[in-house]
Amino acid sequence: MVTILPPMSHIWPVLILLATSAMAWFVGSEATLPFFIYASWAGTLLMALAWWHGETWTMRTVLVYAILYRLVLLPVLPSLSDDGFRYIWDGLLQWKGINPFVFRPSDPALGALHNSDLYISLNSTDYFTVYPPVSQIVFGIGAIFYPFGWVVSYLVIKAVFISIEIFGVLLLSRMVQARSLILYAWNPLVLMEVAGQPHNEAMLVTWLLGTIWALQTNQPKWALVFATMAMWTKLYPLLLIPFVLNRTGWRYIWVPLLTGLVCFIPYYHSDFFVNIRTSLNLYTQQFEFGAGLYYWLKEWGRQIMGHEESKVLGPFLQWIFLFTIGALWVVDAIKQKSLHNIIYLFIGMFLLTATTVHPWYLLGLLAMIPLLVDVGFRDPYAQVSVKLQETPFPPWHWIWLGGMMTGNYFFYLTENQWPWVIAGWGGWFVLLLFLPLKGLLQRVQFSRAGRKYAKIRNGFPVLEPDEPLYVLDLGCGEGYLGEWIRQDLQANVSLVDVVDFNRTQIPFFRYDGQNLPFPDDAFDVTVMSFVLHHCENQTQVFQEAVRVTRKRILIIESVYITEWDLRQLTFLDTLANRLRSDGLMNQQEAFLHFRTVPEWYKFFKQFPIHLVDTMQSGLFLHQQAVFALEIKQTKA
Numbered sequence: 154m155v156t157i158l159p160p161m162s163h164i165w166p167v168l169i170l171l172a173t174s175a176m177a178w179f180v181g182s183e184a185t186l187p188f189f190i191y192a193s194w195a196g197t198l199l200m201a202l203a204w205w206h207g208e209t210w211t212m213r214t215v216l217v218y219a220i221l222y223r224l225v226l227l228p229v230l231p232s233l234s235d236d237g238f239r240y241i242w243d244g245l246l247q248w249k250g251i252n253p254f255v256f257r258p259s260d261p262a263l264g265a266l267h268n269s270d271l272y273i274s275l276n277s278t279d280y281f282t283v284y285p286p287v288s289q290i291v292f293g294i295g296a297i298f299y300p301f302g303w304v305v306s307y308l309v310i311k312a313v314f315i316s317i318e319i320f321g322v323l324l325l326s327r328m329v330q331a332r333s334l335i336l337y338a339w340n341p342l343v344l345m346e347v348a349g350q351p352h353n354e355a356m357l358v359t360w361l362l363g364t365i366w367a368l369q370t371n372q373p374k375w376a377l378v379f380a381t382m383a384m385w386t387k388l389y390p391l392l393l394i395p396f397v398l399n400r401t402g403w404r405y406i407w408v409p410l411l412t413g414l415v416c417f418i419p420y421y422h423s424d425f426f427v428n429i430r431t432s433l434n435l436y437t438q439q440f441e442f443g444a445g446l447y448y449w450l451k452e453w454g455r456q457i458m459g460h461e462e463s464k465v466l467g468p469f470l471q472w473i474f475l476f477t478i479g480a481l482w483v484v485d486a487i488k489q490k491s492l493h494n495i496i497y498l499f500i501g502m503f504l505l506t507a508t509t510v511h512p513w514y515l516l517g518l519l520a521m522i523p524l525l526v527d528v529g530f531r532d533p534y535a536q537v538s539v540k541l542q543e544t545p546f547p548p549w550h551w552i553w554l555g556g557m558m559t560g561n562y563f564f565y566l567t568e569n570q571w572p573w574v575i576a577g578w579g580g581w582f583v584l585l586l587f588l589p590l591k592g593l594l595q596r597v598q599f600s601r602a603g604r605k606y607a608k609i610r611n612g613f614p615v616l617e618p619d620e621p622l623y624v625l626d627l628g629c630g631e632g633y634l635g636e637w638i639r640q641d642l643q644a645n646v647s648l649v650d651v652v653d654f655n656r657t658q659i660p661f662f663r664y665d666g667q668n669l670p671f672p673d674d675a676f677d678v679t680v681m682s683f684v685l686h687h688c689e690n691q692t693q694v695f696q697e698a699v700r701v702t703r704k705r706i707l708i709i710e711s712v713y714i715t716e717w718d719l720r721q722l723t724f725l726d727t728l729a730n731r732l733r734s735d736g737l738m739n740q741q742e743a744f745l746h747f748r749t750v751p752e753w754y755k756f757f758k759q760f761p762i763h764l765v766d767t768m769q770s771g772l773f774l775h776q777q778a779v780f781a782l783e784i785k786q787t788k789a
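Put into structure tokens, the structure is as follows:
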């Protein structure tokens, strides 16, 4: 039989490719714009499903498809945004020897260019450019090709944006697992705003990720160079530089000063900052689009006071943003958080307090999500004082908002953005309320691990005062039980499981279900908490546990007495593991094999061990047994 479709485990990126192709095909015309939006929504859903099944992906697969998606969108011409024409205009001025920060496009001094198709296509001709020097350098590169037509210039600028952003994706791939990378690299909003209708946030993403990567690799100077590049790409990252200096040391303050000066000097003019500030002030006070909190406060004021205060509300929200960032900086100076968390909160607050939120504004925040959810990523500069690590649960509220943001493009057809603003920010709020529940679930898991530990605490052998205790947590799950053992007994703990969702800093080893990656007698104690009933081959797994253990095996298992008990266990176990693992353990449901206590006794007799103690506990809904097993010294 000939198979036409790829295996189900690889169908998701192919479907995303189809959605991306549909986006590229339908985006160019108002008549087909709804189909573009539907395709982007479908792509967002497919991305979430790909993440859900992410254990199957290799990094190479994720990167190859990420690049392919961007190449599919490369030929798309401007239709959703006319910012690209301003990019070309600013670049063209540079090649004519004119500083783009000095003149508005409508200035009579530029009258010779006013009859061009490029000028006619510009937006905001009465505003000074707001694109900082690093962006202007790319615009200048594109304008080199203007003699071949604006289309060529536009595609060159787009290609530079895509190339720089792909470099950022590659940096991100060095810091996170393939599954986590999917949440950014395959996100349809990212694809459209980087490669379809490009914006300079594409470069911002790379500079932010470069800052984090440089800190991870102990390159403080490069971290500050990247942070300064971010500032001269979008301006507002200027407020992030103190956070970076908190980590590199303020002795390196000369790096952002020198880098900034090198970027700034070619565009220096006495009115540089005045002109940019003029445009930004007008922008925040006169423009409004897609801003959830701003619209809500504006409508609330109208209902309460009978009139709106939009001209006051914009600056007020700006001050709220600045005050919040100042407070965050003080807190960070005292006790450093992870920089990716800082950037995530920073951009999130920026979006909340902005009067205008275009879809591409989310790119910097979306780039932080893989770092937030990746269980293996550690920030060496963060001061960790809590026992429970953050839950690697994607912030679906921002992913939802990003997906719904494409709905705002219906504005071009209906001039009505309200359904999508309400759906986007309303869904954002609902999902935000759900996140603490997910965090609460992890804290419940951590507390439950403490109760498990209390049941087996007395089963650990007593060693000499200076003798180290080596413990294997086999089937560790989140690693919380191992963390309790490590902290209470000062033990050397290793974690093993077939799926990696370790949320501790204890070393983790992946298990293939057959052979443990350790030599004989490597551990004093092996702990198996609610593990064996999930194993496809219980005998093989337990035989390996005996092989690597030299003193004791401590087991906590669900047991049953009646057939009704067994049905309850099967249902409850399936439900609990789906909730705790976000679908990572679904495949193990096929191997559920519970036993009664006598059946476990019979099972243990196959191995060179003897039973030291048994303790049964639990309610009728979940009966449990604890087995303490001693390794026979004569084992083969």
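Take the sequence shown: its position 141, counted from the start at 1, is 294 in the working numbering, and no numbers get skipped.
We treat Cβ as the ideally placed atom computed from N, Cα and C, and that holds for glycine.
For Thr-679, the uninterrupted beta strand (DSSP E) run begins and ends at 676 to 682, by DSSP.
Assigned with DSSP and collapsed to three states, Val-510 falls in coil, not helix or strand. Per DSSP, Asp-236 has no beta bridge partner at all. Rounded to whole angstroms, Ala-331 and Tyr-337 show a C-alpha spacing of 11 Å.
Inter-residue distance for Asn-611 and Asp-532 is about 36 Å (C-alpha atoms, whole angstroms). In the structure shown, the three-state DSSP call for Met-768 is strand.
Secondary structure of Val-779 (DSSP, three-state): strand. Bounds of the alpha helix (DSSP H) holding Phe-188 are 186 to 205.
Straight-line measurement puts the Cα of Ala-507 at about 23 Å from the Cα of Pro-286. In this structure, the CA atom of Gly-603 is about 11 Å from the CA atom of Gly-632. According to DSSP, residue pairing for Glu-710 in a beta bridge involves Ala-778. Comparing alpha carbon positions, the residue from Asn-428, Leu-685, Gln-640, Lys-785 closest to Gly-628 is Leu-685. Take the alpha-carbon of Ala-296 and the one of Asp-650: they are about 55 Å apart. Distances from the CA of Gln-489 to each of His-775, Phe-582, Pro-395, Thr-185 were compared; the closest alpha carbon is that of Pro-395. Taking the CA atoms as reference points, Thr-209 sits about 42 Å from Tyr-448. Its chain contains Glu-346, His-352, Glu-354 as the residues whose beta carbon lies nearer than 7 Å to that of Trp-513, once the 5 sequence neighbours on both sides are disregarded; these appear in chain order. Boundaries of the alpha helix (DSSP H) harbouring Val-526: 516 to 526, taken from the DSSP string. Closest in C-alpha terms to Phe-417, from the list Glu-452, Gln-439, Thr-381, comes Thr-381.
For Ser-647, the uninterrupted beta strand (DSSP E) segment begins and ends at 645 to 650.
In the structure shown, the three-state DSSP call for Ile-297 is coil. The C-alpha of Gly-479 is placed about 25 Å away from the C-alpha of Met-356.
A Cβ-Cβ contact shorter than 9 Å links Leu-764 with Phe-780. Following the DSSP letters along the chain, one finds Phe-661 inside the beta strand (DSSP E) bounded by residues 661 to 663. Inclusion of Ala-376 and Leu-224 in the CB contact set at 9 Å is not warranted, their separation being larger than that value. With contacts defined as CB atoms closer than 9 Å, Val-510 and Gly-467 fail to qualify as a contacting pair.
Per DSSP, reduced to three states, the secondary structure at Tyr-623 is strand. In the DSSP assignment, His-163 is bridged to no other residue. DSSP assignment within the region 431 to 509 yields the following whole alpha helix (DSSP H) runs of 4 residues or more, N-terminal first: 445 to 458, 463 to 487, 492 to 506. Looking at the DSSP output, Ile-784 shares a beta bridge with Ile-762. When rounded, the separation of the alpha-carbon atoms in Lys-464 and Phe-440 is 10 Å. Counted as a single uninterrupted DSSP element, the alpha helix (DSSP H) harbouring Gln-693 occupies residues 691 to 701. In this structure Leu-221 is not in contact with Leu-199, their Cβ atoms being roughly 15 Å apart against a cut-off of 8 Å.
The region 279 to 294 and the region 229 to 245 touch, with no fewer than 3 CB-CB distances between them shorter than 8 Å. In this structure, Ala-698 places its C-beta atom within 9 Å of the C-beta atom of Thr-679.
Pairing Leu-368 with Val-397 gives a Cβ-Cβ distance under 9 Å. Between the C-alpha atoms of Phe-662 and Trp-551 there is a straight-line separation of about 32 Å.
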